[in-house]
Amino acid sequence: MFARQSLRTASALRNTTARRSASSLAATVQSLSEKSIYYGKVAVELSKAVYVKEGLQPPTVAEFTKVYECAVAESKKFAKDPNALLALVAKNAQGFSKDEILRYICYFIQVVGFFSLGEIIGRRNVVGYAEHH
1 MFARQSLRTA
11 SALRNTTARR
21 SASSLAATVQ
31 SLSEKSIYYG
41 KVAVELSKAV
51 YVKEGLQPPT
61 VAEFTKVYEC
71 AVAESKKFAK
81 DPNALLALVA
91 KNAQGFSKDE
101 ILRYICYFIQ
111 VVGFFSLGEI
121 IGRRNVVGYA
131 EHH
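Using this note's numbering, the letters of the sequence shown map in sequence onto residues 1 to 133.
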């Protein structure tokens with residue numbers, strides 16, 4: 001009898017603790033979601049103010065067409081003569097100092113790291129995909 005009573009007490013205590021934890025988690029999630037929505041709205045309004053103040057506007061069709069045609073022309077040129085692309089890269093690479101090269105390597109490593117982290121989160125597995133049976 002004493003064992004049953006202690007089991008009931010332990011079970012009730014466990015259920016109460018679980019309920020408290022669940023309600024605490026729900027309150028935290030609700031608080032964070034409200035803050036996220038608020039700061040998202042603040043960011044939108046701030047972006048609108050900057051957009052108007054700076055006089056920003058999307059590119060016109062003529063500007064977009066000009067840039068697109070230039071990119072296509074350059075791509076065709078480099079497709080016909082790959083050595084021209086190598087010469088351009090070599091010419092532009094000569095202007096970098098050692099510190100700039102190290103900085104860009106660090107940026108590259110960070111980008112690859114964030115990409116890999118996104119892949120891991122998406123797969124929900126560190127290596128490979130989970131087996132589906």
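All C-beta atoms in this analysis are idealised placements derived from N, C-alpha and C, irrespective of residue type, glycine included.
N-terminal and C-terminal residue of the alpha helix (DSSP H) that residue i is part of
{"i": "G55", "result": "Note, G55: premise wrong, no alpha helix (DSSP H); not H, not E."}
{"i": "D81", "result": "Unbroken run through D81: none, as it is neither H nor E."}
{"i": "S116", "result": "K98 to R123"}
C-alpha gap between residue i and residue j, whole angstroms
{"i": "V127", "j": "T17", "result": "36 Å"}
{"i": "I121", "j": "L46", "result": "31 Å"}
{"i": "K35", "j": "E100", "result": "39 Å"}
{"i": "N125", "j": "F108", "result": "23 Å"}
{"i": "T28", "j": "G118", "result": "25 Å"}
{"i": "G93", "j": "A87", "result": "The sequence as given places Ala at residue 93; Gly does not occur at that position. Cα to Cα, the separation comes out at about 10 Å."}
{"i": "E63", "j": "V52", "result": "21 Å"}
{"i": "Q30", "j": "Q110", "result": "32 Å"}
{"i": "A49", "j": "V67", "result": "28 Å"}
{"i": "K41", "j": "Q57", "result": "21 Å"}
{"i": "Y129", "j": "S116", "result": "14 Å"}
{"i": "Y39", "j": "L25", "result": "21 Å"}
{"i": "S75", "j": "D81", "result": "10 Å"}
{"i": "P167", "j": "A22", "result": "The requested residue 167 is not part of the displayed model; the chain covers only 1 to 133."}
Beta-carbon spacing of residue i, residue j below 8 Å
{"i": "L85", "j": "F78", "result": "yes"}
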